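Asks:
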Amino acid sequence: VVPISASIEMPTSNGGPVSLAEMEKQHIEATLKRCRGNKSKTARELGISRSTLREKMKLYKIAG
Numbered sequence: 013v014v015p016i017s018a019s020i021e022m023p024t025s026n027g028g029p030v031s032l033a034e035m036e037k038q039h040i041e042a043t044l045k046r047c048r049g050n051k052s053k054t055a056r057e058l059g060i061s062r063s064t065l066r067e068k069m070k071l072y073k074i075a076g
C-alpha cells in the first residue's frame with residue numbers, strides 16, 4: 013500500500029512533478045500568507061478546523 017500523497021503527482025510550471033502533499037503544503041502556506049498569519053481565518057478559508065490546520069502545519073513543518 014502506497015500513501016496517496018506519494019502516488020499522485022501533478023506537473024509544475026517548470027515541468028517537474030509535485031506530490032499531492034506538496035500541493036497541500038503550498039496551498040496552506042499561500043492561504044496563511046493571504047490571511048496574514050491569522051490561523052482562524054486560514055482554517056475557515058480552507059474549510060478545516062483550527063486543530064486540523066495545526067496538525068497539518070506540524071506535519072508539513074510550516075512555521076507559525
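So my numbering is basically just the index in the sequence shown, starting at one, shifted up by 12. Note that the Cβ used here is the ideal one computed from N, Cα and C, for glycine as well. Because the structure is a prediction, the values reported are computed rather than measured.
#1: Between T43, E34, G28 and P29, which lies nearest to G59 when the distance is taken from Cα to Cα?
#2: At the level of alpha carbons, what is the spacing between S61 and K73?
#3: What are the boundary residues of the alpha helix (DSSP H) that includes S63?
#4: Ends of the alpha helix (DSSP H) at R46?
#5: Can you give the Cα-Cα distance for N50 and M69, rounded to whole angstroms?
Replies: In terms of the structure at hand:
#1: Locating residue 59 in the sequence shown gives position 47, where the first residue counts as 1. Nearest option by C-alpha distance: T43.
#2: The count along the sequence shown starts at 1 and reaches residue 61 at position 49. The count along the sequence shown starts at 1 and reaches residue 73 at position 61. Going by the C-alpha atoms only, they are around 18 Å apart.
#3: Within the sequence shown, numbered from 1, the residue matching residue 63 stands at position 51. Where S63 is concerned, the enclosing alpha helix (DSSP H) stretches over R62 to L71.
#4: As a working mapping, residue 46 is identified with position 34 in the sequence shown. Run containing R46: L32 to R46, per the alpha helix (DSSP H) assignment.
#5: Working through the sequence shown from its first residue, we reach residue 50 at position 38. Working through the sequence shown from its first residue, we reach residue 69 at position 57. Roughly 13 Å between the two C-alpha positions.
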